[in-house]
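Enquirer: In this note's numbering, the protein residues as written are 115 to 199. Ideal Cβ placement from N, Cα and C applies to all residues, glycine included. Let me give you the structure first, and then I'll get to my questions.
Spelled out as structure tokens, the structure:
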């Protein structure tokens, strides 16, 4: 997915690397959901809706980085960290 956290810290700074590290489980869930969406739908550039991404993370039993439920804000922040937003 991404390079190691140490490599990210060198390129983007410690603050962004720590944010990525906290959100990594949600980011991985989003990546899996996007991959499945593209595989099943045949749309190479598309991605599921925010609601579908929230549902995928909730179904996996994930929580937000600070312990609360995965919300629209959580998904938007994770997409921003990965450069997809």
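#1: Tell me, to the nearest whole angstrom, how far the beta carbon of residue 164 is from that of residue 141; I am working on the premise that it is less than 8 Å.
#2: How about residue 166 and residue 143: do their beta carbons lie closer than 8 Å?
#3: With 16 as the cutoff for other CB atoms within 10 Å, does residue 198 come out buried or exposed?
#4: Using the three-state DSSP reduction, which class does residue 128 fall into: helix, strand or coil?
#5: What would DSSP say about residue 192, mapped onto helix, strand or coil?
Expert: On the basis of the coordinates in this document:
#1: Position 50 of the chain shown, counted from the first residue, corresponds to residue 164. Position 27 of the chain shown, counted from the first residue, corresponds to residue 141. No, residue 164 and residue 141 are not in contact; Cβ-Cβ is about 14 Å, not under 8 Å.
#2: As a first step, residue 166 must be located in the chain shown, where it is residue number 52. As a first step, residue 143 must be located in the chain shown, where it is residue number 29. No, the Cβ-Cβ distance between residue 166 and residue 143 is not below 8 Å.
#3: Position 84 of the chain shown, counting from 1, holds the residue named residue 198. Within 10 angstroms of the beta-carbon of residue 198 lie fewer than 16 other beta-carbons, which makes it exposed.
#4: Position 14 of the chain shown holds residue 128. Residue 128 falls in the helix class under three-state DSSP.
#5: Looking up residue 192 in the chain shown gives position 78. When DSSP states are grouped into helix, strand and coil, residue 192 belongs to the helix group.
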